[in-house]
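Asks: Quick one: this structure, given as structure tokens, is what I'll be asking you about.
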Amino acid sequence: MYIHIGGDVILPAIEIIAILPYAEGELAKDTAVFLHEWDTKHDCKKIASEDSVKSVIVTDTCIYFSPVSSQTLKRRSMSDGLELLNDELGEALLSDSE
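Quick note: the sequence shown uses this note's numbering, first residue 160, plus one each step.
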């Protein structure tokens, strides 16, 4: 499964480690330090202009600053196959508890 994270960037869902909401003044100190250190040592891609970043997507090799909100990205990741898998898993857990 692939997830469109904004602009012309589409990532395999399996490569995504974390999707973080982004608000410049509201980042936890540790998160801000992590993003700054990563940016100085590794690859960061800004898909959006500085004032329109809504989420940060972390992969093994890159961090993406996206104009798409973390809630929207979560919905996209849960669509189709993953949603079906979650439904099946939920049914299996219910049947085990009976």
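The beta-carbon is built from N, C-alpha and C at its ideal position, and this holds for glycine as well. Please read all numbers here as calculations on a predicted model, not as lab measurements.
For residue 225, is the classification buried or exposed, using 16 other Cβ atoms within 10 angstroms of its Cβ as the cut-off for buried?
Replies: The residue in question, residue 225, is buried, as its Cβ has 16 or more Cβ neighbours within 10 Å.
Asks: Taking only the alpha-carbon atoms, compute the straight-line gap between residue 160 and residue 234 and give it to the nearest angstrom.
Replies: 13 angstroms
Asks: Can you tell me whether residue 176 sits near the ligand NAP, meaning its C-beta is under 7 angstroms from at least one heavy atom of the ligand?
Replies: Absence of the ligand NAP is noted for the structure shown, with no ligands found whatsoever.
Asks: Helix, strand or coil, according to DSSP, for residue 243 in the structure here?
Replies: Caution applies to residue 243, whose pLDDT of 47 falls short of 50 and renders its modelled position unreliable; the model cannot decide the point.
Asks: So, is residue 216 buried or exposed, given that buried needs 16 or more other C-beta atoms within 10 angstroms?
Replies: buried
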